[in-house]
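Visitor: Pasting a structure below so you can have a look.
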Amino acid sequence: MHTQVGIIGAGPAGLVLSHLLHLKGIESVVLENRPRQYCEERVRAGVLEQGTVDLLCEMGVGERLKKEGLVHGGIELRFGGKGHRIDFRELTGGKTITIYGQSEVLKDLTNARLAAGGQVYFDVDDVSVHDFVGNKPKIRFARNSKPEDLTCDLIAGCDGFHGICRPAISQALTIYEREYPFGWLGILAEAPPSSEELIYAYHERGFALLSMRSPQLSRLYIQCSPEEDIHLWPDEKIWGELHKRLESTEGWKLIEGPITQKGVTGMRSFVAEPMQYGNLFLAGDAAHIVPPTGAKGLNLAVADVRVLAQAIVEFYKSGKRHLLNQYSATCLRRVWKVQRFSWWMTSMFHLFPDASPFDQKRQMAELDYVTSSRAGAQTLAENYVGLPM
Ligand SMILES: Cc1cc2nc3c(=O)[nH]c(=O)nc-3n(C[C@H](O)[C@H](O)[C@H](O)COP(=O)(O)OP(=O)(O)OC[C@H]3O[C@@H](n4cnc5c(N)ncnc54)[C@H](O)[C@@H]3O)c2cc1C
């Protein structure tokens with residue numbers, strides 16, 4: 059098999075890249091080692107920046123997103139039992155975020171790729187990358203237990219944090235990493251969201267986040283130990299903890315419902331530099347991870363492939379590699395700003411096990427500043443809705 063761009067991974071990065079290239083007449087093959095249903099049912103991100111929504115709509119995959127997505131003009135920061143709204147529209151000149159699950163984004167993208175005759179192969183095995191330093195890169199994989207070779211001009215490593223592309227160029231990479239001494243216990247509950255907008259709560263028992271996926275589905279998180287055993291958390295205990303951490307003196311009520319999914323996620327900040335080696339380009343979680351507090355993982359993956367698609371289009375149009383050579387540096391400027399924001403949000407809201415009383419007073423002062431100063435609130439709002447491309 060031969061194609062122009064071989065893409066590994068059918069997550070947001072791989073599918074957006076494949077579709078952007080298709081719209082410019084460039085052929086690609088996407089190889090994914092999980093079944094389609096598994097990819098489309100995985101509960102992960104849910105907050106889309108304005109720029110991500112605009113891009114998906116421009117690509118022609120925004121029809122359901124526009125109909126079913128919940129547009130939010132702000133978030134609430136809750137501490138000391140009181141809520142403080144950060145008004146995105148007012149602070150950013152009308153920008154918003156949209157709540158629409160990653161699983162729904164993936165369904166829309168996969169349907170669009172397949173409807174356009176795109177080649178997306180799910181459930182492949184033994185994927186490996188070869189000869190990407192020269193001009194004839196090759197991807198080996200097995201389909202229905204039969205080994206195959208895919209030759210291509212360029213390889214896009216969109217295979218997430220546990221993929222094979224980053225390890226294949228590990229000798230060329232510098233890794234920057236920070237692990238956090240806590241994780242998130244997250245639930246999906248069949249309950250209407252208890253608030254129209256997301257609530258980020260700072261509490262002496264630990265951070266809590268109220269989010270949602272639809273008018274019928276709530277997504278809630280509590281800070282926990284990174285090694286927390288989910289089996290020690292029956293549903294009543296989770297709701298009890300959420301009530302305590304989200305408590306409010308303003309007559310607000312948390313709505314409960316059957317919990318349909320629960321799990322513990324560790325938190326880390328991670329960047330691999332550069333995001334390119336020869337004709338292999340890393341994008342999304344394959345190159346970087348952010349703690350989820352800033353809701354940036356999916357958005358950053360989409361921002362990477364937007365840059366990569368432009369560079370690939372220029373390469374095929376003019377034969378010039380200028381934008382391809384700039385790819386890593388261009389992306390990393392945004393990646394580090396998003397890392398800074400995600401680290402800042404995480405540091406502001408979570409209890410650190412080694413925090414001193416000084417640290418806790420400083421955290422409260424920071425929350426007070428962000429919610430009482432226009433400049434402070436604007437910094438949060440501008441980053442949350444997404445920095446300009
Ligand atoms: C539990 C969890 C909760 C999260 N919650 C949030 C959130 O609330 N907000 C937020 O913004 N972000 C969240 N994220 C992060 C967000 O989901 C990711 O940043 C986003 O999915 C990145 O997209 P991607 O395409 O780069 O990688 P992925 O979505 O990881 O896609 C990579 C794809 O490559 C495939 N793959 C891996 N190895 C191979 C291989 N060897 N061969 C072929 N295919 C391979 C994988 O199966 C996967 O489908 C969460 C992540 C996790 C794990």
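Here the sequence shown stands for residues 59 to 447, numbered as in my numbering. Think of the CB as a built atom: it goes at the ideal place given N, C-alpha and C, for glycine as much as any other residue.
1) From this set, S161, P239, V363, which residue's C-alpha is nearest C282's C-alpha?
2) So the alpha helix (DSSP H) P415 belongs to, where does it begin and stop?
3) Starting from the N-terminal side, write out each stretch of the alpha helix (DSSP H) that is 4 residues or longer and does not extend beyond the segment 123-160.
4) Going by C-alpha to C-alpha distance, which of E314, H408, G64 sits closest to Y258?
5) Rounding to the nearest angstrom, what Cα-Cα distance links I213 and N202 in this structure?
6) Taking one C-beta from the segment 186-194 and one from the segment 311-326 each time, how about it: are there three or more such pairs within less than 8 angstroms?
7) Shorter than 8 angstroms, the distance from the beta carbon of R92 to the closest heavy atom of ligand 1, or not?
8) CB-CB under 8 angstroms to L390, same chain, minus the five flanking residues each way: which ones, in chain order?
9) Residue ranges of each beta strand (DSSP E) run of no fewer than 3 residues wholly in the segment 356-402, ordered along the chain?
10) Grouping DSSP H, G and I as helix and E and B as strand, with all else coil, what is Y260?
11) Consult DSSP for T437 and reduce its assignment to one of helix, strand or coil.
12) Could you tell me the distance, in whole angstroms, from the CA atom of T61 to the CA atom of G215?
13) Just to confirm the assignment, what range does the beta strand (DSSP E) spanning V474 have?
14) Let's see if you can read the secondary structure: which residues bound the alpha helix (DSSP H) around T110?
15) Would you list the one or two residues that DSSP bridges to G241?
16) Under the rule that 16 or more other beta-carbon atoms within 10 Å means buried, what is G118, buried or exposed?
17) May I have the straight-line CA-CA distance separating C115 from S272, to the nearest angstrom?
18) Under DSSP, the beta strand (DSSP E) around A266 begins and ends at which residues?
19) Would you tell me roughly how many angstroms separate the C-alpha atoms of D417 and Y260, rounded to the nearest one?
20) Whole-angstrom Cβ separation of G159 and G72, contact assumed at under 8 angstroms?
21) Distance, Cα to Cα, A247 vs S276?
22) Do you know how far the Cα of T404 is from the Cα of I157?
23) Express the C-alpha separation of Q229 and A423 in angstroms, rounding to a whole number.
24) Using C-beta distances below 6 angstroms, list every residue in its chain close to P195, excluding the 5 sequence neighbours before and after it, in chain order.
25) Given a threshold of 16 other Cβ atoms within 10 Å of its Cβ, counted over all protein chains shown, does I288 qualify as buried or as exposed?
26) Give me the Cα-Cα distance between Y427 and L135, rounded to the nearest whole angstrom.
27) What residue range does the beta strand (DSSP E) around I6 cover?
28) With the cut-off set at 9 angstroms, would you say I222 and V178 are in Cβ contact?
29) Helix, strand or coil for D183, going by three-state DSSP, please let me know.
30) Quickly, what does DSSP pair D215 with across the bridge? List them, please.
31) Smallest Cα separation from L445: which of P411, S400, K395?
32) Thinking L75 and I65 are a contact (beta carbons under 8 angstroms), I'd like their distance in whole angstroms, please.
33) Can you check whether the CB of A369 is closer than 9 angstroms to the CB of L382?
34) Report buried or exposed for L172, applying the criterion of at least 16 other Cβ atoms within 10 angstroms of its Cβ.
Guide: Here's the rundown:
1) Checking every option, the nearest Cα to that of C282 belongs to P239.
2) It spans 415-430 - the alpha helix (DSSP H) in which P415 sits, taken as one unbroken run.
3) Those alpha helix (DSSP H) runs which fall completely within the segment 123-160 and span 4+ residues are 146-150.
4) Closest by alpha carbon: H408.
5) Roughly 22 angstroms separates the two Cα atoms.
6) Short answer: they don't touch.
7) Within the cutoff, so yes.
8) Annotation for L390: V329, E331, P332, M333 place their beta carbon closer than 8 angstroms to its own, counting only its chain and skipping 5 residues before and after.
9) Counting whole runs of 3 or more residues, the segment 356-402 contains no beta strand (DSSP E) stretch at all.
10) In the structure shown, Y260 falls within a coil segment according to DSSP collapsed to helix, strand and coil.
11) T437 carries a helical assignment under DSSP once its states are collapsed to helix, strand and coil.
12) Taking the straight line from one Cα to the other gives about 15 angstroms.
13) The chain is shown from 59 up to 447; residue 474 falls before or after that span and cannot be answered.
14) T110 -> alpha helix (DSSP H) spans 108-116.
15) Paired residue(s): C282, G324.
16) Exposed, since its Cβ has fewer than 16 Cβ neighbours within 10 Å.
17) Answer to the nearest angstrom: the Cα atoms are 19 angstroms apart.
18) It spans 266-272 - the beta strand (DSSP E) in which A266 sits, taken as one unbroken run.
19) The straight-line gap from Cα to Cα measures roughly 14 angstroms.
20) No, G159 and G72 are not in contact; Cβ-Cβ is about 18 angstroms, not under 8 angstroms.
21) If you draw a straight line from the Cα of A247 to the Cα of S276, it is about 5 angstroms long.
22) In a straight line, the C-alpha of I157 is about 20 angstroms away from that of T404.
23) In a straight line, the C-alpha of A423 is about 44 angstroms away from that of Q229.
24) Excluding residues within five positions, the ones whose Cβ falls inside 6 angstroms are D189, C210, I213, N337.
25) It counts as exposed.
26) Taking the straight line from one Cα to the other gives about 12 angstroms.
27) No answer is possible for residue 6: the residues shown for the chain start at 59 and end at 447.
28) Their beta carbons are not under 9 angstroms apart, which means I222 does not touch V178 by this criterion.
29) Three-state result, D183: strand.
30) It should be noted that the sequence gives Gly, not Asp, for residue 215. Looking at the DSSP assignment, G215 forms a beta bridge with I66, L340.
31) Answer by Cα proximity: K395.
32) In this structure L75 touches I65 by the C-beta definition: roughly 6 angstroms separates them, less than 8 angstroms.
33) Cβ atoms of L382 and A369: closer than 9 angstroms.
34) L172 should be labelled exposed.
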